[in-house]
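Read through the structure below, which is laid out as structure tokens, and then see the notes.
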Amino acid sequence: MTSDYHRRLPYGERMSAAPFAGDPMFPFEGDVEVVPLAGPVLPEPARGGEGGADCWSCAEPDRDVIWRDEQWKLKARKPSGLPFVAILEPREHYRLDNLPPELTATLGPAIQRVAKAIQDLDPVARTHFNRWGDGSEHFHLWFLARPLGMMQLRGAMIALWDEMLPAVPADEFTANVNQVAAALAQGGGEAVSRWRE
Numbered sequence: 426m427t428s429d430y431h432r433r434l435p436y437g438e439r440m441s442a443a444p445f446a447g448d449p450m451f452p453f454e455g456d457v458e459v460v461p462l463a464g465p466v467l468p469e470p471a472r473g474g475e476g477g478a479d480c481w482s483c484a485e486p487d488r489d490v491i492w493r494d495e496q497w498k499l500k501a502r503k504p505s506g507l508p509f510v511a512i513l514e515p516r517e518h519y520r521l522d523n524l525p526p527e528l529t530a531t532l533g534p535a536i537q538r539v540a541k542a543i544q545d546l547d548p549v550a551r552t553h554f555n556r557w558g559d560g561s562e563h564f565h566l567w568f569l570a571r572p573l574g575m576m577q578l579r580g581a582m583i584a585l586w587d588e589m590l591p592a593v594p595a596d597e598f599t600a601n602v603n604q605v606a607a608a609l610a611q612g613g614g615e616a617v618s619r620w621r622e
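Numbers given in the working numbering equal positions in the sequence shown, counted from 1, plus 425.
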């Protein structure tokens with residue numbers, strides 16, 4: 426079953442990248458070819474941990490955790506092109522639409538604390554955060570550190586830049602992990618440095 430929205434899309438056609446070309450934050454230049462638009466996949470495939478079954482976050486609750494309190498945990502991603510990338514998750518398995526009100530009330534303060542801790546890293550100007558939510562049902566927010574002065578990395582393209590820039594050296598990344606975890610622990614919870622090279 427598809428909607429009017431679905432029926433008017435140009436499936437199988439290549440659309441133009443012109444709306445992005447020349448934008449200072451678009452990381453590509455020259456002839457950029459957009460892949461043809463694929464049709465909808467219905468029913469949609471299950472996300473990881475759909476219905477709470479086989480959730481990798483619940484199966485390994487301490488994996489990559491660098492800080493936690495009674496409600497939330499912060500996981501550091503492996504070294505990549507940005508100074509720091511992390512994921513904030515509730516300790517229990519919830520989707521965004523079924524977070525209990527008492528947990529939802531702590532989300533805003535948790536976002537502020539994580540963003541501030543990351544932004545205090547020496548090379549960082551701003552902390553971007555996003556929710557994509559298509560890979561895992563377990564609610565999670567991505568935090569991406571935009572380096573100071575790197576204006577091309579603003580906006581949605583920061584995730585692409587993270588994949589393309591040279592990876593931060595492991596020792597520098599570990600220092601960033603420890604600084605963020607310690608900053609968060611100062612406001613409550615505990616620093617847990619579990620990141621492994």
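Positions of the beta carbon are idealized from the N, C-alpha and C atoms, including for glycine.
Counting only the same chain and skipping the five closest in sequence on each side, list residues whose C-beta sits under 7 angstroms from that of residue i.
i: arginine 472; result: Asp559, Gly560, Ser561, Glu562
i: asparagine 601; result: Pro508, Phe509, Leu546
i: proline 435; result: Leu462
i: alanine 610; result: Trp492, Ala616
i: glutamate 458; result: Arg439
i: glutamine 635; result: Residue 635 is absent from the structure shown; the chain starts at 426 and stops at 622.
i: phenylalanine 445; result: Phe451
Who are the near neighbours of residue i in its chain, counting only those whose CB is closer than 6 angstroms to its CB and skipping five residues on each side?
i: histidine 518; result: Gly477, Cys480, Cys483, His563
i: glycine 613; result: Asp494
i: threonine 531; result: Gln496
i: glycine 437; result: Pro461
What residue from the options has the CA that sits closest to residue i's CA?
i: arginine 439; options: Pro461, Ala535, Met576; result: Pro461
i: alanine 443; options: Arg520, Gly455, Gln544; result: Gly455
i: leucine 573; options: Ala581, Asp545, Arg516; result: Asp545
i: valine 466; options: Ala584, His431, Trp557, Glu588; result: His431
i: glycine 533; options: Pro548, Val549, Arg551, Glu514; result: Glu514
i: alanine 542; options: Glu527, Asn523, Phe568; result: Phe568
i: leucine 566; options: Pro526, Leu521, Ala606; result: Leu521
i: glutamine 537; options: Ala608, Ser441, Met582, Leu578; result: Ala608
i: glycine 464; options: Ser428, Phe554, Ala446; result: Ser428
i: glycine 580; options: Ser441, Thr529, Asn555, Gly474; result: Asn555
i: proline 548; options: Glu527, Glu597, Gly437; result: Glu597
i: glutamine 577; options: Gly474, Ser441, Arg433, Gly447; result: Gly447
i: tryptophan 557; options: Arg433, Thr529, Ile512, Met575; result: Ile512
Who are the Cβ neighbours of residue i in its own chain at under 8 angstroms, not counting the five residues just before and after it?
i: arginine 516; result: Pro486, Arg493, Glu495, Gln496, Trp497, Lys498
i: glutamate 588; result: Ser505, Gly506
i: leucine 590; result: Ser505, Gly506, Leu507
i: valine 617; result: Asp487, Val490, Ile491, Trp492, Arg493, Ala606
i: methionine 582; result: Met450, Phe451, Pro452
i: glutamate 475; result: Glu562
i: asparagine 523; result: none
Sort out for me which residues DSSP pairs residue i with in a bridge.
i: isoleucine 512; result: Lys500, Trp567
i: threonine 552; result: Ala570
i: valine 490; result: Lys500
i: glycine 473; result: Ser561
i: glutamate 615; result: Arg493
According to the Cβ coordinates, are residue i and residue j closer than 7 angstroms?
i: alanine 540; j: threonine 552; result: yes
i: proline 401; j: leucine 585; result: With the chain covering 426 to 622 only, the question about residue 401 has no answer from this structure.
i: arginine 571; j: alanine 592; result: no
Closer than 6 angstroms to a non-hydrogen atom of the ligand PLP - does that hold for the CB of residue i?
i: leucine 573; result: Inclusion of the ligand PLP in the displayed structure is not the case, the ligand content being empty and no account of it being possible.
Ranges of the alpha helix (DSSP H) found wholly within the region 512 to 537, counting only runs of at least 4: Listed in chain order, nothing qualifies, since the region 512 to 537 has no complete alpha helix (DSSP H) run of 4 or more residues.
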